[in-house]
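With our numbering applied, the sequence shown closes on residue 234, and no number is skipped along the way.
Glycine included, every Cβ here is placed at the ideal spot set by N, Cα and C.
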Amino acid sequence: MRRSARIAGLTPNPTSISTMPNRKRKVAEIIVPVKQLHFHGPYIRQNWPFRDSLINYTTKTPSNSKAWQKLIKSCKYVFAKNPILVIENLWWDEEDWYASSNNDAGPVDFTKISSKLWITDKFNATCAPPENVSLIIPKIYKCDAKYLSLMNDVISYKDFLFLSSNVEDTVLRENIVKNSDGSIVSLEKLIAVLPKIKSIFL
């Protein structure tokens with residue numbers, strides 16, 4: 033089906049358009065109802081006024097969550113090339129992981145989600161099965177959480193650094209953090225790599 037035919041098919045009331053003057057008819061035919069547009073729908077390669085190398089760099093290496101969120105809202109080509117969703121909070125609630133953003137919350141099935149998550153505020157794995165935390169870390173693009181809670185977890189020192197890079201307040205209870213050689217990391221070493229820390233509950 034040609035593009036013009038598809039667009040015409042999306043027009044809400046084609047019978048009324050046929051009685052319009054030619055100029056008004058052309059304008060009406062290119063208006064697509066908002067409800068027909070979907071974020072995960074097809075996208076068209078943009079004719080950027082920049083070099084492809086700059087667009088690729090911007091798309092593949094986002095450094096600011098707020099700027100990235102505005103970018104993927106304005107152009108779904110960017111999200112299609114690098115599917116990262118910005119969320120405020122990620123937490124374990126009895127049997128499932130939950131995420132929230134802009135006062136909306138819901139469960140997250142990491143076995144089905146293809147996008148990576150960018151956490152900006154809180155990561156709470158209290159009471160999560162120990163293996164669950166390590167399993168979901170590959171699904172997290174970046175963790176800028178200011179609050180981190182871990183309980184009864186066994187994680188690697190590398191994963192701890194990844195989760196705590198921006199932490200100000202943390203709860204660490206009955207955790208084991210291991211080096212790559214299997215040795216246990218001391219509490220002093222963990223505190224030393226938390227430059228923004230304000231409070232620790234042990």
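Through-space distance from residue j to residue i, alpha-carbon basis
i: residue 95; j: residue 223; result: 25 Å
i: residue 88; j: residue 108; result: 14 Å
i: residue 160; j: residue 144; result: 19 Å
i: residue 230; j: residue 139; result: 30 Å
i: residue 103; j: residue 176; result: 19 Å
i: residue 234; j: residue 197; result: 19 Å
i: residue 191; j: residue 79; result: 39 Å
i: residue 83; j: residue 111; result: 19 Å
i: residue 98; j: residue 120; result: 11 Å
i: residue 24; j: residue 150; result: An answer regarding residue 24 cannot be provided, because it is not within the stretch 33 to 234 covered by the chain.
i: residue 173; j: residue 93; result: 10 Å
i: residue 170; j: residue 215; result: 23 Å
i: residue 81; j: residue 101; result: 21 Å
i: residue 189; j: residue 166; result: 11 Å
i: residue 122; j: residue 213; result: 29 Å
i: residue 136; j: residue 164; result: 23 Å
i: residue 146; j: residue 127; result: 21 Å
i: residue 59; j: residue 118; result: In this predicted model, residue 59 has a pLDDT of only 40, less than 50, meaning its place in the structure is not dependable; the value taken from the coordinates is given anyway. Straight-line Cα distance between these residues: approximately 36 Å.
CB of residue i within 8 Å of CB of residue j, strictly
i: residue 148; j: residue 115; result: yes
i: residue 228; j: residue 217; result: no
i: residue 178; j: residue 199; result: yes
i: residue 124; j: residue 158; result: yes
i: residue 202; j: residue 181; result: yes
i: residue 168; j: residue 142; result: yes
i: residue 162; j: residue 134; result: no
Whole-number beta carbon distance between residue j and residue i, since they are thought to touch under 8 Å
i: residue 91; j: residue 105; result: So it is not a contact: roughly 14 Å between Cβ atoms.
i: residue 204; j: residue 187; result: That belief does not hold up - the Cβ atoms of residue 204 and residue 187 are roughly 11 Å apart, past 8 Å.
Outcome for residue i when other beta-carbon atoms lying within 10 angstroms are tallied against a minimum of 16
i: residue 207; result: buried
i: residue 156; result: buried
i: residue 86; result: exposed
i: residue 219; result: exposed
i: residue 65; result: Note that residue 65 has pLDDT 38, beneath the 50 cutoff, so the model's placement of it is unreliable and the number below is only indicative. Classification for residue 65: exposed.
i: residue 45; result: Here residue 45 scores only 44 on pLDDT, less than 50, and its place in the model is too uncertain to base an answer on.
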